[in-house]
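S.K.:
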Amino acid sequence: MIQEAAVWAIFLLPLGSFVAIALVIRPFLNRFSGLAALTTITTIGASFALSLVALGSVIDNGEVLFAPHEWLSLGALQINLGIILDPLTSIMLVVVTGVSLMVQVYSLGYMRGDPGFARYYALMSLFTASMIGLVIASNVVQLYVFWELVGVCSYLLIGFWFTRPAAAAAAKKAFVVTRIGDLGFLIAILYLFFNTAAFAENGLNALEIADISAGVQLGLLGGTALTLMVMGIFAGAMGKSAQFPLHIWLPDAMEGPTPVSSLIHAATMVAAGVFLIARFFPVVEASVHAMQIIALVGAITAIFAATMGLVMNDIKRVLAYSTISQLGYMVAALGVGAYVPAIFHLFTHAFFKALLFMGAGSVNHASGTFDMRYMGGLRKYMPWTYMLVLIGSLSLAGIFPLSGFWSKDEILAHAWGGGSTVDTVVFWLLFAAVPMTAFYIFRMVFMTFHGEFRGGVEAEEQDAGIPSHQGEHKVHLAESPWVMVLPMGLLAVASVVAGGLVNPVVDILGIPAHWFADFLGGKSDIILSLAGLSLAVAVLGIGTAVFLFLVPNLLPGPLGAPFRLAHHLLSRKYYMDELLEGGVTRRGFYGVGGGSLDWMDRKIIDNFAETIGWSSMNFGRVVALLQTGQAQGYVLIVTLGAIVIGGVFFAFMWT
């Protein structure tokens, strides 16, 4: 059985890497910046190895219990530091450390020569440590600390190239939007804090995650109060996991380095929201109304984001909307009670989405642009990248037997079998997103790798009227270096086998059927007829992409004209940015709120302050009139004062 110190080491190793790079390597050994990469890769690799040991220990022994350590005491309330090592934690540890390790190796090639190389690896170490700390936390306050630290790290990494105005703006946008959701989560924690007495009477700690679930079972939380608390938790998840309408930050987060996008979208920040709902799932499922809202928000997000992915021209934005859509699948699954399929899809999605983002970075490495309109024909120059991206795309589209097929269809099967009206609505929304997913991801493949090369960044700058940089050639049509291709290859293997082997529908190669579901303590299955129908519509989506993008001279043409209005609406993202940034923020908060606050500041606060100042100044003048400089006058005042004090004293004595 794994020891507690080993589990803490999973967290402390990348944290120590951050400290070493920030305090030693970057200030004193910056010319040896490769040490930063070596330190990060070594420590996260060790964390990954320990995570595998932790997973094996939980598989063999079940949940491993460790005594919490007292952190703070506030009257009857005790805030602890501790570890939850249960099936959910052990799976998430493997996902976070495994994907992060691949990203750090990939970054050796992608970030080579960047002046902020050491700073990049320091922040990536802290980012990984923060997510690990969030995953293992046994106390909701401890979890919230790392929850916010994940947000801070994402802000720093999205704005890594802070001299670019777009990157700085994207970082601020991500930070502000996710804070909106985090406010709801904080309110839920405060509600628990103010109800510590009821928990204490039953021998429970209101801030221990396990005790919160026990409190719900005992009826200490229920009714409207429970629903509101669950919605506070869900608000936090909506921000981090970019659920409608708090999804607007994620596409703009593409301004950060591509490996950062890969890590954020696969295993860290966006996964944190789904993990939060899963961690509190015994509490969440106790509120039927909250579950219905969660399911509908997830399903709406899934199809809403999928429609926008259909028309985006930036390869990373296509993948960003894909991430939002797939997160919608996971959230909807949790909302309809499909706990195991949701975690299963989180597990498989981490591999193929990290792979696809690395593929986007690889083609950018060759073409110098992320705009697919200036790519094309890259499969001739980048055969390995093409093959690996194709595997990731097939998995995302849910094509048998790749991993995305199994997890996606388990979600659909559970929604189909739910029986309620909400389950039916959720099923059809998720099902409608299946052909869209297949279409937009293969549109990306065909625009990027097929046809003829369309000039890359040089043609993009020429069309934009940007002058050439003294003949500098920024297009390098060649395969990416092995340090970028190798992690993609390993993730491609996982994208192929992770679904069928992790949760097989029948015993295979000595692996028992549905062991993953049994391990998580839930149920999952596939309805073969429904899976066949889902596969058929996914193939239809791919076929449509073939018809539109590989048939010569079809587009642009008469087929595109009737859809011009819809294309404009989708390309403008339903005007959500204009609505939320322009309408709500500028005219709402800044206009109404700013005007009210300005009036209050000028008419009330300023006048109050000026009144205090005027009173003090004039009171001083009155007192100055008493300072005549005549000693006999002062003696008279002192004498009268003594008489008054004596009179008061004797009056109290006699009474």
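Per our numbering, the sequence shown starts with residue 56, numbered consecutively.
A virtual CB, placed ideally from N, CA and C, is assigned to each residue, including glycine.
Since this is a predicted model, take the numbers as computed values, not measurements.
Might you give, ordered along the chain, the residues of its own chain that have their beta carbon closer than 6 Å to the beta carbon of Ala487, omitting 5 neighbours on each side?
M.R.: If we look at Ala487 and ignore the five residues flanking it on each side, its Cβ neighbours are Ile358.
S.K.: Should Phe217 be listed as close to the ligand FMN, given that the test is whether its C-beta is under 7 Å from any heavy atom?
M.R.: Within the structure as shown, the ligand FMN is missing, as the structure has no ligands at all.
S.K.: Return yes when the Cβ of Gly278 is within less than 8 Å of the Cβ of Phe215, no when it is not.
M.R.: Result no, Cβ atoms of Phe215 and Gly278 do not sit closer than 8 Å.
S.K.: When DSSP labels each residue in this structure, what does Ile391 get in the three-state scheme?
M.R.: Reading off the sequence, residue 391 comes out as Val, not Ile. Coil, per DSSP.
S.K.: Short of 6 Å in beta carbon distance, which residues of its chain neighbour Pro306, apart from the five on each side in sequence? Order them along the chain.
M.R.: Here the set comprises Arg372, Ala375.
S.K.: Leaving aside the five residues before and after Val160 along the sequence, list all residues of the same chain whose C-beta is less than 8 Å from its C-beta, in chain order.
M.R.: Cβ within range, chain order: Ile96, Val538, Leu541, Pro542.
S.K.: Please work out which residues of its chain come closer than 8 Å, Cβ to Cβ, to Leu635, disregarding the five sequence neighbours upstream and downstream, and give them in chain order.
M.R.: Around Leu635: Pro300, Ile303.
S.K.: Hey, how far is the Cα of Ile65 from the Cα of Ala664?
M.R.: Between Ile65 and Ala664, the C-alpha separation is close to 54 Å.
S.K.: Among Ala326, Phe121, Val149, Ala297, which has the Cα closest to the Cα of Val352?
M.R.: Out of Ala326, Phe121, Val149, Ala297, Ala297 has the C-alpha closest to the C-alpha of Val352.
S.K.: When the Cα atoms are used, what is the spatial distance from Phe707 to Ala697?
M.R.: Rounded to the nearest angstrom, the two C-alpha atoms are 16 Å apart.
S.K.: So, Ala345 versus Val285, is the Cβ gap smaller than 8 Å?
M.R.: Yes, the pair counts as a contact, with Cβ atoms nearer than the cut-off.
S.K.: Below 8 Å on the Cβ atoms is my contact criterion, and I expect Ile134 with Val196 to pass it. Report the Cβ-Cβ distance as a whole number of Å.
M.R.: Rounded, the Cβ-Cβ distance is 5 Å, consistent with contact.
S.K.: Just to confirm the assignment, what range does the alpha helix (DSSP H) spanning Asn116 have?
M.R.: 89-116 is the extent of the alpha helix (DSSP H) around Asn116.
S.K.: So what does DSSP say about Ile139, is it helix, strand or coil?
M.R.: Reduced to three states, the DSSP call for Ile139 is strand.
S.K.: What does the Cβ neighbour count give for Gly137, buried or exposed, with the cut at 16 atoms within 10 Å?
M.R.: With 16 or more Cβ atoms within 10 Å of its Cβ, Gly137 is classed as buried.
S.K.: Which partner residues of Asn194 appear in the DSSP bridge assignment?
M.R.: The partner list for Asn194 (beta bridge, DSSP) reads Glu263.
S.K.: Tell me which same chain residues have a C-beta within less than 6 Å of the C-beta of Ser579, skipping the five on either side of it?
M.R.: Closer than 6 Å at the Cβ level, and outside the excluded window around Ser579, lie Val395, Pro396, Glu465, Ala572.
S.K.: According to the neighbour-count rule (16 or more other Cβ atoms, all chains shown, within 10 Å of its Cβ), is Gln682 buried or exposed?
M.R.: Classification of Gln682: exposed, given that the 10 Å Cβ count is below 16.
S.K.: If Leu485 sits next to Tyr384, beta carbons under 8 Å apart, how far is it from one beta carbon to the other, in whole angstroms?
M.R.: That belief holds up - the Cβ atoms of Leu485 and Tyr384 are roughly 6 Å apart, short of 8 Å.
S.K.: Round the Cβ separation of Glu263 and Asn194 to the nearest angstrom and send it over; I've been treating them as touching at under 8 Å.
M.R.: Their Cβ separation, rounded to whole angstroms, is 6 Å, which keeps Glu263 and Asn194 in contact under 8 Å.
S.K.: Could you have a look at Val606 and say whether DSSP puts it in helix, strand or coil?
M.R.: The answer is coil: DSSP assigns Val606 none of H, G, I, E or B.
S.K.: Output the residue ranges of the alpha helix (DSSP H) runs that lie fully inside the stretch 386-454 and measure 4 residues or longer, sorted by chain position.
M.R.: Listed in chain order, they are 394-422, 438-452.
S.K.: Would Tyr165 pass as a contact of Pro69 if the rule is Cβ separation under 8 Å?
M.R.: The answer is no: Cβ separation not under 8 Å.
S.K.: Contact defined as beta carbons within less than 8 Å: I believe Leu389 pairs with Phe336. What is the distance between those atoms, to the nearest angstrom?
M.R.: Leu389 to Phe336, Cβ: 7 Å. Contact.
S.K.: Quick one: is Lys295 buried, meaning 16 or more other Cβ sit within 10 Å of its Cβ, or exposed?
M.R.: Buried, because 16 or more other Cβ atoms sit within 10 Å of the Cβ of Lys295.
S.K.: Judging by CA-CA distance, which residue of Ala101, Arg234, Leu590 is the nearest neighbour of Pro456?
M.R.: Out of Ala101, Arg234, Leu590, Leu590 has the C-alpha closest to the C-alpha of Pro456.
S.K.: Which residue spans inside the stretch 298-333 form an unbroken alpha helix (DSSP H) run of at least 4?
M.R.: As far as the stretch 298-333 is concerned, its whole alpha helix (DSSP H) runs of at least 4 residues are 304-307, 313-321.
S.K.: Give me, in chain order, the residues of the same chain whose beta-carbon lies closer than 7 Å to that of Glu125; leave out the 5 immediate sequence neighbours on both sides.
M.R.: Closer than 7 Å at Cβ, skipping near neighbours: Gln133, Asn135.
S.K.: Using the C-alpha atoms, what's the distance from His420 back to Val386?
M.R.: For Val386 and His420, the distance between alpha carbons rounds to 34 Å.
S.K.: Take every Cβ of the stretch 530-537, pair it with every Cβ of the stretch 433-452, and state whether three or more of those distances are shorter than 8 Å.
M.R.: Yes: at least three Cβ pairs fall under 8 Å.
S.K.: Do Met186 and Thr362 count as a contact pair if the criterion is CB distance below 8 Å?
M.R.: No, the pair does not count as a contact, with Cβ atoms beyond the cut-off.
S.K.: Between the alpha carbons of Thr144 and Val113, how many angstroms are there, rounded?
M.R.: In a straight line, the C-alpha of Thr144 is about 10 Å away from that of Val113.
S.K.: For His531, does the three-state DSSP call read helix, strand or coil?
M.R.: Reduced to three states, the DSSP call for His531 is coil.
S.K.: What's the gap between the Cα of Val207 and the Cα of Met293?
M.R.: Between Val207 and Met293, the C-alpha separation is close to 17 Å.
S.K.: Which of the three DSSP states, helix, strand or coil, is assigned to Ser475?
M.R.: Note: Ser475 maps to coil in three-state DSSP.
S.K.: Which residues does DSSP pair with Leu129 in a beta bridge?
M.R.: Beta-bridge pairing links Leu129 to Leu132.
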